[in-house]
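Below is one structure, written out as structure tokens, with a few remarks after it.
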Amino acid sequence: MFALPVPASLQKSLDTTKVEYVNLGTSGLRVSVPVLGGMSLGSSEWAL
1 MFALPVPASL QKSLDTTKVE YVNLGTSGLR VSVPVLGGMS LGSSEWAL
């Protein structure tokens, strides 16, 4: 699996946002910290 390049306009927005992003393991995905904290919320149908 590999990550596609981020368009320059999106990268600029990501670089200037106040939301903290982290890399998700070695997947190449960047996710916001609030998403990581909320991944256990919800019913069992949404569990991995």
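Residues 1 to 48 in UniProt numbering are what the sequence shown lists, from first letter to last.
C-beta atoms are modelled at their ideal positions from N, C-alpha and C, and glycine is treated no differently.
Note that the structure is predicted; figures quoted are calculated from it, not measured.
When the five nearest sequence neighbours on each side are left out, the beta carbons in the same chain lying within less than 8 angstroms of the beta carbon of residue 29 are those of 3, 23, in order along the chain. Collapsing the DSSP output to three states places residue 31 in a strand. Looking at the DSSP output, residue 22 shares a beta bridge with 31.
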